[in-house]
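Sequences listed follow chains A and B, in order.
Read in order, the letters of the first sequence are residues 2 to 535 in the numbering used here.
Read in order, the letters of the second sequence are residues 2 to 470 in the numbering used here.
Each residue gets a CB set at the ideal place from its N, CA and C atoms; glycine is no exception.
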Amino acid sequence: MLLACACGAPGSPGHADDAAPAPEPGAAEVAAEPPADVAVTVYRSPARARGSIDLNHLDGFALVTEKRRVRLPAGVSRLRFDGVADGIEAQSAIISGLPAVIIEKNRDEKVLSPAALLAATVGKSVQLIRTLGKSGMTERIPGKVLSDAGGGVLFSTADGVEALRCSGLPETFGFEPAGMPAAHASLSVLVRSPAALDVDVTLSYLSRGFDWAAAYTATLSADEREMDLGAWITLANSNGTSFAAAHTQVVAGRVAHEGAVVPVEWSGPLVALCWPRGSTSDVPPLELRIAAAASPGTRTATLMAPRMQFVTVTAQRKVTEEQLGDLKLYRVPERTTVSGRQSKQVRLLDRAAVPVTLVYRATLDRREAGGSFAARRVLRTVNDAAHHLGLPLPSGGLAVFASQHGERLLLHESGMRDLAINEAVEIELGLAPDVQVALMHDDLDASAAAAQLPPRAAPREQSERVEISNARTAPVRIELSLSDDGSEVSRADHPWSRQNGRPTFRVTVPAGKSAVILYRLRYGATARAESVVR
Amino acid sequence: MSNTRCWRVNLDHFALLGLGALSSLANAGPADRSIALTIYNGDLALVQDRRDIEVKEGRQRLEFQDVSAQIRPETVTLTAADLSIVEQNFDFDLLTPAKLMEKAVGQDVTIVRVNPATGAETSVQAQVLAANGGVVLKIGQRIEVLRDDGLPARVIFDKVPDNLRARPTLSVTVLGKHAGTRQATLSYLTPGLGWKADYVASFDEGSGKIDVQGWVTLTNSSGTSYENASTLLVAGSPDEAGGDAGQGSYRPLRHSTLETPGTEAGSRERLGDFYLYPLAERTTIADAQTKQVSFLDVHGIPAEHGYEFRNHWLAASDTAASAHSVYSFSSGAQAGLGDQLPAGVVRFYMHDKHGDPQFIGESRIDATPMGSTLSLSTGDAFDVKVKPILVKRTRLSTFDWQTDMSYELSNALPRDVVVNVVQDGLWGDTRITGTSLKSVRRSADTAQWAVPVPANGTATLTASFETRY
Numbered sequence: 002m003l004l005a006c007a008c009g010a011p012g013s014p015g016h017a018d019d020a021a022p023a024p025e026p027g028a029a030e031v032a033a034e035p036p037a038d039v040a041v042t043v044y045r046s047p048a049r050a051r052g053s054i055d056l057n058h059l060d061g062f063a064l065v066t067e068k069r070r071v072r073l074p075a076g077v078s079r080l081r082f083d084g085v086a087d088g089i090e091a092q093s094a095i096i097s098g099l100p101a102v103i104i105e106k107n108r109d110e111k112v113l114s115p116a117a118l119l120a121a122t123v124g125k126s127v128q129l130i131r132t133l134g135k136s137g138m139t140e141r142i143p144g145k146v147l148s149d150a151g152g153g154v155l156f157s158t159a160d161g162v163e164a165l166r167c168s169g170l171p172e173t174f175g176f177e178p179a180g181m182p183a184a185h186a187s188l189s190v191l192v193r194s195p196a197a198l199d200v201d202v203t204l205s206y207l208s209r210g211f212d213w214a215a216a217y218t219a220t221l222s223a224d225e226r227e228m229d230l231g232a233w234i235t236l237a238n239s240n241g242t243s244f245a246a247a248h249t250q251v252v253a254g255r256v257a258h259e260g261a262v263v264p265v266e267w268s269g270p271l272v273a274l275c276w277p278r279g280s281t282s283d284v285p286p287l288e289l290r291i292a293a294a295a296s297p298g299t300r301t302a303t304l305m306a307p308r309m310q311f312v313t314v315t316a317q318r319k320v321t322e323e324q325l326g327d328l329k330l331y332r333v334p335e336r337t338t339v340s341g342r343q344s345k346q347v348r349l350l351d352r353a354a355v356p357v358t359l360v361y362r363a364t365l366d367r368r369e370a371g372g373s374f375a376a377r378r379v380l381r382t383v384n385d386a387a388h389h390l391g392l393p394l395p396s397g398g399l400a401v402f403a404s405q406h407g408e409r410l411l412l413h414e415s416g417m418r419d420l421a422i423n424e425a426v427e428i429e430l431g432l433a434p435d436v437q438v439a440l441m442h443d444d445l446d447a448s449a450a451a452a453q454l455p456p457r458a459a460p461r462e463q464s465e466r467v468e469i470s471n472a473r474t475a476p477v478r479i480e481l482s483l484s485d486d487g488s489e490v491s492r493a494d495h496p497w498s499r500q501n502g503r504p505t506f507r508v509t510v511p512a513g514k515s516a517v518i519l520y521r522l523r524y525g526a527t528a529r530a531e532s533v534v535r
Numbered sequence: 002m003s004n005t006r007c008w009r010v011n012l013d014h015f016a017l018l019g020l021g022a023l024s025s026l027a028n029a030g031p032a033d034r035s036i037a038l039t040i041y042n043g044d045l046a047l048v049q050d051r052r053d054i055e056v057k058e059g060r061q062r063l064e065f066q067d068v069s070a071q072i073r074p075e076t077v078t079l080t081a082a083d084l085s086i087v088e089q090n091f092d093f094d095l096l097t098p099a100k101l102m103e104k105a106v107g108q109d110v111t112i113v114r115v116n117p118a119t120g121a122e123t124s125v126q127a128q129v130l131a132a133n134g135g136v137v138l139k140i141g142q143r144i145e146v147l148r149d150d151g152l153p154a155r156v157i158f159d160k161v162p163d164n165l166r167a168r169p170t171l172s173v174t175v176l177g178k179h180a181g182t183r184q185a186t187l188s189y190l191t192p193g194l195g196w197k198a199d200y201v202a203s204f205d206e207g208s209g210k211i212d213v214q215g216w217v218t219l220t221n222s223s224g225t226s227y228e229n230a231s232t233l234l235v236a237g238s239p240d241e242a243g244g245d246a247g248q249g250s251y252r253p254l255r256h257s258t259l260e261t262p263g264t265e266a267g268s269r270e271r272l273g274d275f276y277l278y279p280l281a282e283r284t285t286i287a288d289a290q291t292k293q294v295s296f297l298d299v300h301g302i303p304a305e306h307g308y309e310f311r312n313h314w315l316a317a318s319d320t321a322a323s324a325h326s327v328y329s330f331s332s333g334a335q336a337g338l339g340d341q342l343p344a345g346v347v348r349f350y351m352h353d354k355h356g357d358p359q360f361i362g363e364s365r366i367d368a369t370p371m372g373s374t375l376s377l378s379t380g381d382a383f384d385v386k387v388k389p390i391l392v393k394r395t396r397l398s399t400f401d402w403q404t405d406m407s408y409e410l411s412n413a414l415p416r417d418v419v420v421n422v423v424q425d426g427l428w429g430d431t432r433i434t435g436t437s438l439k440s441v442r443r444s445a446d447t448a449q450w451a452v453p454v455p456a457n458g459t460a461t462l463t464a465s466f467e468t469r470y
């Protein structure tokens, strides 16, 4: 089934000739009504595999879907959609449900600012408004703006050419309200409709300035064999735009998204720079001194990192989860308002008495031999029903708490990555200074037979000695993995097995005691007999 | 928004100030103007600006103000009947207060002092001696520093020097054979205008079909608006003909999108090796605007959904990593999109349980010939993961090594899946000496296994590689 239709009307080759229709002059300006219904689906930052969001840099994005009423006259109209998110990626805008031909979609980033207003006035007439000293009287002088180049402003009046605000007198312009850009960046479509229309259309687009992550809290029981796991979904919107009573969803999984190319708006803030204004009292005279005239009130607002004003904690109703392709979609149960500059939390899950195993772990790296270092503590469990879990766990931050005399204490903070059902879960608990591992080794010794071989091919052996000391009041289980450096274990006084391909010793060290493991590593041994000895 | 700087052969404020000893004034309204834009992929456009100009007999200067603010002046050509060009200039000395004062050194200006108590004004003539760090004036026989006392003092200049402009200005000195109106074409190259394609692909999981809409997206950062322009888009960039595949830009989650390149010709117009996409109607491309025009709309194309995991040579991990979710379809005339695809971004959507479309990821594509098979990764699959394990490295002889790899695959979906495991880094004379599943050598560098993983289950793939170096 193939229903191809090339809408771009391949038409005549090359440029449309001069007789090509010019649809714009007669286009009626129509604004779509404010959205009657909004849905917001928030996606995580594709760059973050684990951990929580940074409210000052929300690198995720959202799909915003709005239902709006549109009333169009017959013929060509310019249909404008006001109140879309500031971070809209115009390329992604989709308009559906409009039974009219969409000639083009436009996004105009040029917005009204003092600098844009002045740029629009260059070469045109303005009123110069000058306030005179003591009297406070203002005079209005007709003139013309000559230039706004390089941050300085020049104008001409009947007197001659002058620079704005260099005389020391309060000076400003009164502009004529023609040719101004709009206050906000706008999204519009040019449409051609054979008849007048009164329809509901759906506008959907991707927008920057959103993000979400799960925030887990694990509470470890006193015997360190169980934990309670709870989680919130934290979602945030750094746009200035609010979405009232929106259907809200979040999507878990790493989604490829690069963001959009936005045309550069060249006009900066308006500053009235003057000629050099050094005076005789400037000591020492600076060669490159440029007096930047501070012009209060004319600078545009600087783009500060958005401050989040409210943190809303919603009621204890949990989100519902569903499969979306290869992603997980979580639906907030009720309509909620996703306000601008706001972060919001909804409950993701609560699981009690999840069985966990506390394990100490260390990696034996030959290059770090000589001193002792602290082992790391991890909690292990499995994401399945037997362990009171068995649900997709989206990535986020994780805080582990323990109870001490009825008080909750924070043990460690780390991040969680996306975990599918049945996957092994490892929760970092940080370093355990009470369990120290010391690695010592002999120098490499070449066997007599191997001494005949070239250095690269000569097998060498090395004796290693690992001492584990336990200063805790309970025995500890510790796993010691060898780092992958191309060696083989040739002999060992403790049993070992491979874990993720690496030889691993598992020992239990009694309370207040030490344990010693001795083994030998062989490097560069060849499995086949050397055929050529050079 | 209207274009505030309309075409003028000279700016009237310069005329008002009585400059233009050289320049000849000629005006023509924008109605006589016709702009043709040819926009290339890589931030480059050819502007052809045709209009009627009035020319005097003899030598004169024509100024062009409303050209692109980023014009490449060396590419300018002006053609008109009975007109010969003497020289072309691009003046970028900008008119600022500091520049004006600098150029006034040695000349007379009027200083108007304002009495702060009474507001009374007194005018004096002054000669500017220097403008280094501060302005030094000679008033009568006295030397003063401008506004050294901090009191208000206006400086009035008689005129603006010839070559200071509010905007960089292109001027052409011409020799007219005879006076009269004639049609002239100014053409030049400018960066700041570019385009790419944006595709909306809507995947239906039940039927395994996609609907694809293609939009041409052009962006204007050139600082100038182009009114009512006839526009032609060229799929390709003359700078780096052959696409941008070799560029070293960082593209996360990228994998090769083109599975098999197509060989179908299609009916699109071409220019050399570039495809042309003319816009059907004249359009105004405003400054700082993103404009989209539809060029493709096809429905019900068969598409396949699969998984791919790519492992780098000797890479191993303690934790399982997600496989990429991959969608593949054809751009051919039979059961495909039936068009050449200009480079751009394909965004995939899928309906959720409530029937609302949701975004599921995107993929960048390079310019793709018709009849190609595309395989696009939209991101990671939450439930399908692979843990590559380096089991053993054995030295066979001085220069030969055997590497035993194991790949543990897991699938938390309630259906069976097939994961394409790709091992790269097999360049040189690496051989696969043993494997639990038959492999396909996709290229000298990569081998691929199609590993079935049961619903809610796991699978293990093992392979031994023999390398020599």
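Could you tell me which of the options sits nearest to residue i, measuring between CA atoms?
i              : options                           : result
D201 (chain A) : A:T173, A:E67 and A:H258          : A:E67
G43 (chain B)  : B:G215, B:A344, B:T111 and B:G134 : B:A344
L377 (chain B) : B:W196, B:E363, B:N421 and B:V423 : B:E363
R34 (chain B)  : B:D67, B:L47, B:D205 and B:G59    : B:D67
A324 (chain B) : B:V387, B:T461, B:L147 and B:T80  : B:V387
A121 (chain B) : A:P476, A:E110, A:R209 and A:G137 : A:G137
S326 (chain B) : B:T258, B:L171 and B:R51          : B:T258
L552 (chain A) : A:A512, A:A493, A:V510 and A:R141 : What the structure shows of chain A is the stretch from 2 to 535, and residue 552 (chain A) is not part of that stretch, so it cannot be assessed.
Indicate the three-state DSSP secondary structure (helix, strand or coil) for residue i in the structure shown.
i              : result
P36 (chain A)  : coil
P285 (chain A) : Bear in mind that a pLDDT of 46 at P285 (chain A), under 50, signals an unreliable position, so the number given afterwards is only what the model happens to contain. In this structure, P285 (chain A) counts as coil in the three-state DSSP scheme.
R381 (chain A) : strand
E241 (chain B) : In this predicted model, E241 (chain B) has a pLDDT of only 48, less than 50, meaning its place in the structure is not dependable enough to derive any value.
G134 (chain B) : coil
A386 (chain A) : helix
R367 (chain A) : helix
D44 (chain B)  : coil
G151 (chain B) : coil
D149 (chain A) : coil
Q50 (chain B)  : For the sequence presented, residue 50 (chain B) should be read as Asp rather than Gln. In the structure shown, D50 (chain B) sits in a strand (DSSP, three-state: E or B).
D33 (chain B)  : helix
F176 (chain A) : coil
Residue i: buried (16+ other C-beta within 10 angstroms of its C-beta) or exposed?
i              : result
S46 (chain A)  : buried
E64 (chain B)  : buried
F466 (chain B) : buried
K439 (chain B) : exposed
K536 (chain A) : Residue 536 (chain A) lies beyond the range of chain A shown here (2 to 535); nothing can be said about it.
Using a Cβ-Cβ cutoff of 8 Å, what residues of the stretch 374 to 386 of chain B are near chain A? List them in chain order.
S378, T379, G380, D381, A382, F383, D384, V385 and K386
Of all the alpha helix (DSSP H) runs that stay within the bounds of the stretch 54 to 113 of chain B, which reach a length of 4 or more residues?
98 to 104
Where are the alpha helix (DSSP H) runs, 4 residues long or more, that stay fully inside the stretch 74 to 147 of chain A, in chain order?
115 to 122
Mind checking the stretch 175 to 208 of chain B against chain A and listing, in chain order, the residues whose C-beta falls within less than 9 Å of any C-beta there?
G193, G195, K197, D199, V201, F204 and E206
Which parts of the stretch 389 to 431 of chain B are runs of the beta strand (DSSP E), unbroken and 3 residues or longer, counting only runs that do not cross its ends?
401 to 412 and 418 to 424
Contact residues within the stretch 91 to 117 of chain A, judged by C-beta distance below 8 Å to chain B:
A91, Q92, S93, A94, I95, I103, I104, E105, K106, N107, R108, D109, E110 and K111
Give, in chain order, every residue of the stretch 148 to 160 of chain B whose Cβ lies closer than 8 Å to some Cβ of chain A.
R148, D149, G151, L152, P153, A154, R155, V156, I157, F158, D159 and K160
Closer than 7 Å, Cβ to Cβ, to anything on chain A: give me those residues from the stretch 33 to 58 of chain B, in chain order.
S35 and A37
Of all the residues that make up the stretch 245 to 258 of chain A, which are near chain B by a beta-carbon distance shorter than 9 Å?
H248, Q250, V252, A253, G254, R255, V256, A257 and H258
Contact residues within the stretch 61 to 93 of chain B, judged by C-beta distance below 9 Å to chain A:
Q66 and A70
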